[in-house]
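Working notes, beginning with the structure itself.
This is how it looks when you write it as structure tokens:
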């Protein structure tokens, strides 16, 4: 077992960076430098954790770096962190996202506050992914709303206030269900054991409950996570919010916070209520498939690029949900991998859209045409990201989508079949969007846009590298995810199918 | 029992430590009255404020000794069982003392700004606090009524304190008429309960109900219902809330902050004692009533706040919403519920005093500038003041890392523990509605438009209050352990 200090450092470093950035407001650019430095340190810690992680600590169920410290006994409040193969990649994604969002989504309006909020958000997101206690998870989960709200409301587009409010109220209402569910579970466990109130994940997973209680609790949890992910039909906040948020905000929301939803669904909803799975699975799989189809259709007709990514994300989240809910080990591994891959792909999309917006002052599809002439590098990177998203063999998206579809097909064939159409649909909307934006003849302002600068190219490099490497050689990642997924599926096995 | 004229009147034994807080607060109030009458020159604000602060600090010290006494020898009653000294009353008394201290500092700067002469404000505030303390310690319906009246009479005058504004007098009249009505309802309820049980002592009522079967409970139910209505009026629970927005708006702002904190503490403490200690055996009867009160209070409070543009009216509806949450703890009726209620008022009181402190400052000379637009861009012009307001709003919203989250958490847990998941969910969804206006306010603070507005002057004492309020909100929001333990410990030392 490795020291939990590594995980605590993940929470503390961004907060220190945020404090430094806030106090470094006097000097031009100092805040930004501090923020980037702390994000780089965060990334370095992330790499160390990736290398250190040991899935086979005795008696820890593939969890490593664990510690538990009770903060308030009457409240059952504890600082409890641990990391397994599933959360490991969420942590890595968080570190990558903040670094690239800072480098690529720089916003010079009131920069000290902006980077501070971004770093605070990073800390809270890290907290949600390493939390090994339901109450602690909820606190971090809920806390992410605050910096997000201020980022959108402070630096967003024309309808920023409406978008920020809609986002906050929507997710806040949905997480009310989660809090009630968590409290119910913790108190039920306390009544059964007669001991102290606790929300420790490992302890609560042994709570015995009736079939209908399990279904109710699963539903409560699923509502919160579905709104966050978003999963159809609780997605309606996302297009407006993604469109109005500043580039860095859109990246955080769709690449990272969306994953809180799917991660929560897998870890907490599926992991804690195996009794409910048999009954809720058809519903959840159907919602996932509807999300895939619905998202694809709307992505085809989206009028601006940010909404386009929002809807394509809805489709991708559908795939993830399909994998998470399938009960198949292979599909679940694929879903975890897709959470990571989709994060990387989305950063790529939003960065390029951000670059285009900077140059053209617009991200409306109607305003853009033939950009591949004046900006071949941007067009090239967009192509790579797009092909990864379509699922071209050799790129990262292929591995994850393939695993999800093959795993789901083996156990729930029909949903797998319908889901597979999503891959085709993705090709349609992505290629069509590419045609409209990058191909054709660039005239007027479109012909005059400069290509990616050297600095922007360096920001895009890691994305392309990750997409290619994970497409060709996903082994190190899969090796780390598999034991944890195996563990989780075995725990819920009585009602799931292990394949 | 008849007392013949010749028989000596037996003076019940008095445990002076138990009633020392009331004596101190009343004593300080009388001292100021005496000084006002005897000293030739007008008493300065500084002197009056100093006496008030000294009195509230003295009460805090006394609560420490009271706590040690209870910790050693357990809860006890005194003065013929009319006054109780238990953990619950001690902590509630402490909260009242802290609220009085903070509110007095705010009122001091306000009085200096508005050129208020004399010590009347402090005299009335001290007396009202004494009434609130009496309510937390009362173990008899009559004593509760006494405390309630002392508290209310002081407040009626305080609400009318701003003689230059008509709305102040209007609010006071409204509060006085409706408050008098509610007091009458309360005392009538006490009379009916006396009729049904033969006593007004809470412990004896509980004992009577536990050892007898009430064959015709109509009288008891009617009495209990009237008592609940009386309390519901005082804490502004819907549908007995109609006075509250007007009074909050009309009263001088520091008075509003003072009211919002100490009335809640006093009234909820007495509410807990009456329904849980005295009528605990009748839980099945009063629970549905409270269920309806919680639903109405949380939902209506949050929804009506959406329509308001006046900061004080918004906070009035927000405090109605909070009252609904506190009622949730009483609905649960368990140790966890009482501890949750106590934790809620401990954390809510400083938050609300600090919030009204900022509203007082923004209100400016004449205490008139209370449109929500007065806050436009405040955080851009004065980052610390704006950020403080944002934190206080987020705390009332219930965001994690502030005490507001744990306050909601503690009462929700108590309710869910008693099978009230649906009720808890309704309350929590009302918090999502409430989030709308808190956030809209926070958004106004951080609005881009640079409106040419005068800088809000922050005098030292008020600045201190805001600082203390924000610090308590954040420190105990990150680490609620000590307060949670205190609330639980206090409740375990509850007089039966």
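Chains as they are written, first to last, in our numbering: chain B, 1 to 499; chain P, 1001 to 1496. The beta-carbon is built from N, C-alpha and C at its ideal position, and this holds for glycine as well.
For the putative contact between residue 199(B) and residue 268(B), defined by C-beta atoms under 8 Å, what is the C-beta separation to the nearest angstrom? Here residue 199(B) is taken as the residue at index 199 of the first chain, counted from 1. Here residue 268(B) is taken as the residue at index 268 of the first chain, counted from 1. Incorrect: roughly 11 Å between the Cβ atoms, too far for contact.
How long is the line joining the alpha carbons of residue 1111(P) and residue 1117(P), rounded to whole angstroms? Start at 1 with the first residue of the second chain, and residue 1111(P) comes out as number 111. Start at 1 with the first residue of the second chain, and residue 1117(P) comes out as number 117. So the alpha carbons of these two residues sit roughly 8 Å apart.
For residue 364(B), name the three-state secondary structure that DSSP assigns. Against the first chain, residue 364(B) aligns to sequence position 364. Residue state, collapsed to three classes: strand.
Cβ-based neighbour list, residue 182(B), same chain, cut-off 7 Å, excluding 5 preceding and 5 following: The residue given as residue 182(B) occupies position 182 in the first chain. If we look at residue 182(B) and ignore the five residues flanking it on each side, its Cβ neighbours are 134, 135, 138, 199.
In chain B, which residues lie with their C-beta within 8 Å of the C-beta of residue 1412(P)? Indexing the second chain from 1 puts residue 1412(P) at position 412. By Cβ distance, chain B contributes 179, 180, 183.
Sort out for me which residues DSSP pairs residue 1162(P) with in a bridge. Locating residue 1162(P) in the second chain gives position 162, counting from the first residue. Answer by DSSP bridge pairing: none, since residue 1162(P) is not bridged.
Measuring alpha carbon to alpha carbon, tell me which residue in 429(B), 79(B), 344(B) is nearest residue 201(B). For the purposes of this step, residue 201(B) is taken as the residue at position 201 of the first chain. The residue with the shortest Cα to Cα distance from residue 201(B) is 79(B).
Run through chain B and tell me which residues come within less than 8 Å of residue 1429(P), C-beta to C-beta. Counting from one through the second chain, the residue named residue 1429(P) turns up at place 429. Under the 8 Å cutoff, chain B gives 173, 176.
For residue 1425(P), return the contacting residues in chain B, with the cut-off set at a CB-CB distance below 8 Å. Locating residue 1425(P) in the second chain gives position 425, where the first residue counts as 1. Chain B residues near residue 1425(P): 176, 177, 180.
Hey, could you find the ends of the beta strand (DSSP E) residue 526(B) is sitting in? Limits of chain B in this structure are 1 at one end and 499 at the other, which puts residue 526(B) out of reach.
Can you pull the DSSP bridge partners for residue 1083(P)? As a working note, residue 1083(P) is residue 83 in the second chain. Note: residue 1083(P) sits in a beta bridge opposite 1078(P), 1138(P).
If you count every other CB in all the chains shown that lies within 10 Å of the CB of residue 186(B), and 16 or more means buried, which is it? The residue you call residue 186(B) lines up with position 186 of the first chain. Burial call: buried.
Taking 8 Å as the threshold (beta carbon to beta carbon), is residue 1436(P) in contact with chain B? What you label residue 1436(P) is simply residue 436 of the second chain in a count that begins at 1. By this cut-off, residue 1436(P) is an interface position.
Would you say residue 1421(P) faces chain B, with C-beta separation under 8 Å as the test? Within the second chain, the letter at position 421 stands for residue 1421(P). Yes, contact with chain B.
Own chain partners of residue 1090(P) with C-beta closer than 6 Å, once the 5 adjacent residues on each side are dropped: Translated into positions along the second chain, residue 1090(P) becomes position 90. Excluding positions up to five away in sequence, the list reads 1063, 1066, 1067.
In whole angstroms, what is the alpha-carbon distance linking residue 377(B) and residue 282(B)? Position 377 of the first chain, counted from the start, is the residue given in the question as residue 377(B). Position 282 of the first chain, counted from the start, is the residue given in the question as residue 282(B). When rounded, the distance between both Cα atoms is 44 Å.
Ends of the beta strand (DSSP E) at residue 70(B)? Within the first chain, numbered from 1, the residue matching residue 70(B) stands at position 70. Unbroken beta strand (DSSP E) run through residue 70(B): 64-72.
Report all residues from its chain with a CB closer than 7 Å to the CB of residue 1294(P); omit the five preceding and five following residues, and keep chain order. For the purposes of this step, residue 1294(P) is taken as residue 294 along the second chain, with counting starting at 1. Result list for residue 1294(P): 1324, 1327, 1328, 1331, 1423, 1427, in chain order.
Restricting to Cα atoms, I'd like to know which of 1316(P), 1387(P), 1492(P) is closest to residue 1442(P). The residue you call residue 1442(P) lines up with position 442 of the second chain. When only C-alpha atoms are compared, the closest one is 1387(P).
If you drop the 5 nearest sequence neighbours on each side, which residues of the same chain put their C-beta closer than 7 Å to that of residue 53(B)? Residue 53(B) sits at position 53 when you count from the first residue of the first chain. 64, 83, 88, 480.
Exposed or buried, what is residue 421(B) when buried is set at 16 or more other beta-carbons lying within 10 Å of its beta-carbon? Working through the first chain from its first residue, we reach residue 421(B) at position 421. Exposed.
What residue range does the beta strand (DSSP E) around residue 80(B) cover? As a position in the first chain, residue 80(B) is number 80, starting the count at 1. Per DSSP, residue 80(B) belongs to the beta strand (DSSP E) from 77-83.
For residue 1211(P), which of helix, strand or coil comes out of DSSP? As a first step, residue 1211(P) is located in the second chain; it is residue number 211 there, counting from the start. Residue 1211(P): helix per DSSP, three-state reduction.
Note down the Cα distance separating residue 4(B) from residue 57(B), rounded to an integer number of angstroms. Within the first chain, numbered from 1, the residue matching residue 4(B) stands at position 4. Within the first chain, numbered from 1, the residue matching residue 57(B) stands at position 57. Answer to the nearest angstrom: the Cα atoms are 13 Å apart.
State the start and end residues of the unbroken alpha helix (DSSP H) segment that holds residue 281(B). Translated into the one-based positions of the first chain, residue 281(B) becomes position 281. 274-301 is the extent of the alpha helix (DSSP H) around residue 281(B).
Measuring alpha carbon to alpha carbon, tell me which of 1156(P), 1148(P), 1273(P) ends up nearest residue 1176(P). Position 176 of the second chain, counting from 1, holds the residue named residue 1176(P). Among 1156(P), 1148(P), 1273(P), the Cα nearest to that of residue 1176(P) is on 1156(P).
Run the CB neighbour count on residue 1139(P), radius 10 Å, all protein chains shown included, and call it buried at 16 or more, exposed below. Translated into positions along the second chain, residue 1139(P) becomes position 139. Buried is the call here.
Is there a Cβ from chain P that is less than 8 Å from the Cβ of residue 154(B)? Reading the first chain from its first residue, position 154 is the one you call residue 154(B). Interface residue, yes.
Fully enclosed by the stretch 1229-1268 of chain P, which beta strand (DSSP E) runs are 3 residues long or longer? none
Interface flag, residue 1239(P) vs chain B, CB-CB below 8 Å: As a working mapping, residue 1239(P) is identified with position 239 in the second chain. Cβ-Cβ to chain B under 8 Å: no for residue 1239(P).
Partners in chain B for residue 1443(P), counting only beta-carbon separations shorter than 8 Å: Working through the second chain from its first residue, we reach residue 1443(P) at position 443. 153, 161, 164, 165, listed in chain order.
Taking only three categories from DSSP, how would you classify residue 1056(P)? For the purposes of this step, residue 1056(P) is identified with residue 56 of the second chain, where counting begins at 1. Helix, per DSSP.
Using 8 Å as the threshold, is the C-beta distance between residue 254(B) and residue 263(B) below it? Here residue 254(B) is taken as the residue at index 254 of the first chain, counted from 1. Here residue 263(B) is taken as the residue at index 263 of the first chain, counted from 1. No, the pair does not count as a contact, with Cβ atoms beyond the cut-off.
Between residue 500(B) and residue 296(B), how many whole angstroms is the CB-CB distance? I'm expecting something under 8 Å. Because residue 500(B) is not part of the residues shown, which for chain B are 1 to 499, the question remains open.
Less than 8 Å between the C-beta atoms of residue 1410(P) and residue 141(B), yes or no? As a working mapping, residue 1410(P) is identified with position 410 in the second chain. As a working mapping, residue 141(B) is identified with position 141 in the first chain. Their beta carbons are not under 8 Å apart, which means residue 1410(P) does not touch residue 141(B) by this criterion.
Spatial distance of residue 275(B) from residue 205(B) (CA atoms): Start at 1 with the first residue of the first chain, and residue 275(B) comes out as number 275. Start at 1 with the first residue of the first chain, and residue 205(B) comes out as number 205. Looking at the two C-alpha atoms, the distance is approximately 11 Å.
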